[in-house]
Amino acid sequence: MHSGDLTMCEPAETLGTPTSVSSAQVEKPTENPTNPMAMTSLPPIDGGFKAWSFCFSACMLETLIFGWNDTIGTFQAYYVSHAPYNQSSTAAASAIGTSSQAIQYIEAAILVWVFQRYPRAARPAMWAGLIVCVGTLLASSFTNRVWQLILTQGVFYGLAAGPLITPVYMWLPEWFVAKRGLAGGIIFGFSGVGGQVLLSPKDRPATRTNTIVCRFVMPLVIGLALDRYGMNWTLRVWAIVFAVCAGLAVFGTRPRIPIPQTSPTPSDDESSFPFLEKKYIIRLFGNPLMILMSAATFFQSIGYFPVSYYVSTYSLYIPGSSIVDSTITLGLLNISSAVTYAGFGKICDFYPYPRVILWSSLAATLSAALLWGFASKVAILFVFATIYGGASNGFPGVWAAAATEIGGNLAFGVLSFAKGIAVVIGPLIADALHGKDIRTLQKYGSFGFTNVIIYVG
Numbered sequence: 001m002h003s004g005d006l007t008m009c010e011p012a013e014t015l016g017t018p019t020s021v022s023s024a025q026v027e028k029p030t031e032n033p034t035n036p037m038a039m040t041s042l043p044p045i046d047g048g049f050k051a052w053s054f055c056f057s058a059c060m061l062e063t064l065i066f067g068w069n070d071t072i073g074t075f076q077a078y079y080v081s082h083a084p085y086n087q088s089s090t091a092a093a094s095a096i097g098t099s100s101q102a103i104q105y106i107e108a109a110i111l112v113w114v115f116q117r118y119p120r121a122a123r124p125a126m127w128a129g130l131i132v133c134v135g136t137l138l139a140s141s142f143t144n145r146v147w148q149l150i151l152t153q154g155v156f157y158g159l160a161a162g163p164l165i166t167p168v169y170m171w172l173p174e175w176f177v178a179k180r181g182l183a184g185g186i187i188f189g190f191s192g193v194g195g196q197v198l199l200s201p202k203d204r205p206a207t208r209t210n211t212i213v214c215r216f217v218m219p220l221v222i223g224l225a226l227d228r229y230g231m232n233w234t235l236r237v238w239a240i241v242f243a244v245c246a247g248l249a250v251f252g253t254r255p256r257i258p259i260p261q262t263s264p265t266p267s268d269d270e271s272s273f274p275f276l277e278k279k280y281i282i283r284l285f286g287n288p289l290m291i292l293m294s295a296a297t298f299f300q301s302i303g304y305f306p307v308s309y310y311v312s313t314y315s316l317y318i319p320g321s322s323i324v325d326s327t328i329t330l331g332l333l334n335i336s337s338a339v340t341y342a343g344f345g346k347i348c349d350f351y352p353y354p355r356v357i358l359w360s361s362l363a364a365t366l367s368a369a370l371l372w373g374f375a376s377k378v379a380i381l382f383v384f385a386t387i388y389g390g391a392s393n394g395f396p397g398v399w400a401a402a403a404t405e406i407g408g409n410l411a412f413g414v415l416s417f418a419k420g421i422a423v424v425i426g427p428l429i430a431d432a433l434h435g436k437d438i439r440t441l442q443k444y445g446s447f448g449f450t451n452v453i454i455y456v457g
């Protein structure tokens, strides 16, 4: 993966999400005919205070939103083991995280097209998203029922997070051209939806140092805070941190090219959403490879997400384990997937991606059957989380290779949609299979997880 054109507004004929903005386009003083003189005084691209301010502000937003998503399993382990939330089912507790993540996966690409049609709505939407995110976090801290958490920490937070981060994907091509790969590595290194779905295949960054730090440290810090201060104050303090940091980040996240006072209105026969036109739907879904990749993504995801939500809970059942062990388990699951996400993409440059899918699926199946099934000690669970997380959730790393054969970046939106549906369905199936009355160590499949392990494998 290297720097190149970031396709943020690709022509409909390529079935993509946005087209690339070349350096020539960005620098042409006639690009905005409504104010040609303003173009001559635009801040420089690929450098300068404003460009790097945008980069690091966008990185801050990505960290706050998607780093928080990596703590979902930690919160679920807390909810199922602490009153009054433990009075609800595990399925209800898992719905908090699944609803939030599913909404973010599904809405990401849609919001890009909405803001392209109504560009002046982007910044007000960011502020509105920030206010709602902070409000939902604060509201969550005063809840005493799981259904209230599903609405606040789940649905409304997920809906608000999308408008807060989506303009970053639109404005990045305006600020960076030659150094877009570097900027993308800084911003999307935290492995958000945008890094997987909305960056062009050439621009998905191989730099994952900040991903590793974020995906391991965030669950650990939140887990320690929950253990020491409880859920209420953890959420309140995080809401304050989120409000201050995200507020500063929104100030620094601005378009380089001024938005016209009036936006052109498409003609009656011009669709604001060309990806919904019949001819493009037929071209995309008429491709057998698209159907196969969507199915593979869906089935891989309905196996991975139950593990990401339940592995922390399983860890707490092991005699002698602690909340720290639980959060380390989740951190290892996250960190390994961050490494293999980049690794699978690199491997697909010289090795057939169907074989990468085959070998990664085999590794995930064997690790679940042989390691999780016999995980009577935390150390074994650590090894399982590392191997399974890397083998299973590195799967989106092959999307770029598959997309080149499918026909465009719209494939990433479709695959993301399939993953978003699996976020909801997978944990529900796992919860139905979980033997909730069994809380003892067994030779295989302890604590009622036998059927879950077989299902995941």
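Mapping of the sequence shown onto UniProt numbering: residues 1 to 457, in sequence order. Cβ coordinates follow ideal geometry from the N, Cα and C atoms, glycine included. What you are looking at is a predicted structure, and each value in this text was computed from that prediction instead of being measured.
Which same chain residues, not among the five before or five after T152, have their C-beta less than 7 Å away from its C-beta?
T136, A139, S140, T143
Report the start-end ranges of each alpha helix (DSSP H) in the region 313-393 that is 4 residues or longer and not cut off at the edges.
Runs of the alpha helix (DSSP H) inside the region 313-393: 323-347, 353-367, 378-393.
What's the C-alpha gap between T327 and A128?
32 Å
Can you find at least 3 beta carbon pairs, one from the region 296-311 and one from the region 417-435, that sit closer than 8 Å?
yes
From F374 to S57, what does the alpha carbon distance come to, in whole angstroms?
45 Å
Identify, in the order they occur along the chain, each residue of the same chain with its Cβ nearer than 8 Å to the Cβ of T253, setting aside the five sequence neighbours on each side.
F54, S57, A58, L61, M126, P167, V168, W171
Is the separation between the beta-carbon of G457 and that of H434 shorter than 7 Å?
no
Please check the pair A239 and L130, which I expect to be a contact at CB under 8 Å, by giving their CB distance rounded to whole angstroms.
Actually they do not touch by this definition, with Cβ atoms about 11 Å apart.
Going by C-alpha to C-alpha distance, which of V134, V146, N69 sits closest to I222?
With distances taken between Cα atoms, I222 lies closest to N69.
So, is Q87 buried or exposed, given that buried needs 16 or more other C-beta atoms within 10 angstroms?
exposed
By the three-class DSSP mapping on this structure, what secondary structure does L441 have?
coil
Indicate the three-state DSSP secondary structure (helix, strand or coil) for R256 in the structure shown.
coil
I need the DSSP call for N232, collapsed to helix, strand or coil.
DSSP places N232 in helix when its eight states are reduced to three.
Sorted by chain position, which residues of the same chain lie with C-beta nearer than 6 Å to I96's C-beta, five sequence neighbours on each side aside?
The residues are L149, I150, Q153, G154.
In the DSSP assignment, find the alpha helix (DSSP H) that holds R123 and state where it starts and stops.
122-140
If you follow the alpha helix (DSSP H) that N451 is part of, which residue opens it and which one closes it?
450-456
In this structure, how does DSSP classify D70 when only helix, strand and coil are distinguished?
coil
For A368, collect the residues of the same chain with a Cβ closer than 7 Å to its Cβ; drop the 5 residues on either side in sequence, then sort them by chain order.
Result list for A368: Y388, I453, V456, G457, in chain order.
Quick one: grab the DSSP three-state call for A296.
helix
Please determine, among P260, L358, S308, L164, the residue with the shortest C-alpha to C-alpha distance to R123.
Just measuring C-alpha positions, the residue of P260, L358, S308, L164 sitting nearest R123 is L164.
From S361 to I65, what distance separates their C-alpha atoms?
Between S361 and I65, the C-alpha separation is close to 29 Å.
Out of curiosity, what's the CA-to-CA distance linking S315 and A243?
32 Å
Tell me whether G230 is buried or exposed, calling it buried when 16 or more other Cβ atoms sit within 10 Å of its Cβ.
exposed
By DSSP, does D268 sit in helix, in strand, or in coil?
Bear in mind that a pLDDT of 43 at D268, under 50, signals an unreliable position, so the model cannot answer this.
If you draw a straight line from the alpha carbon of A77 to that of V324, how long is it in whole angstroms?
11 Å
Exposed or buried, P260, counting other C-beta atoms within 10 Å across all chains shown (16 or more means buried)?
exposed
Using the rule of at least 16 other Cβ atoms within 10 Å of the residue's Cβ for burial, across every protein chain shown, is F49 buried or exposed?
Exposed: under 16 other Cβ atoms inside 10 Å.
Indicate whether the contact test is met: 3 or more Cβ pairs, each with one atom in the region 330-346 and one in the region 106-118, closer than 8 Å.
no
Look up S89 in the DSSP assignment and say whether it is helix, strand or coil.
coil
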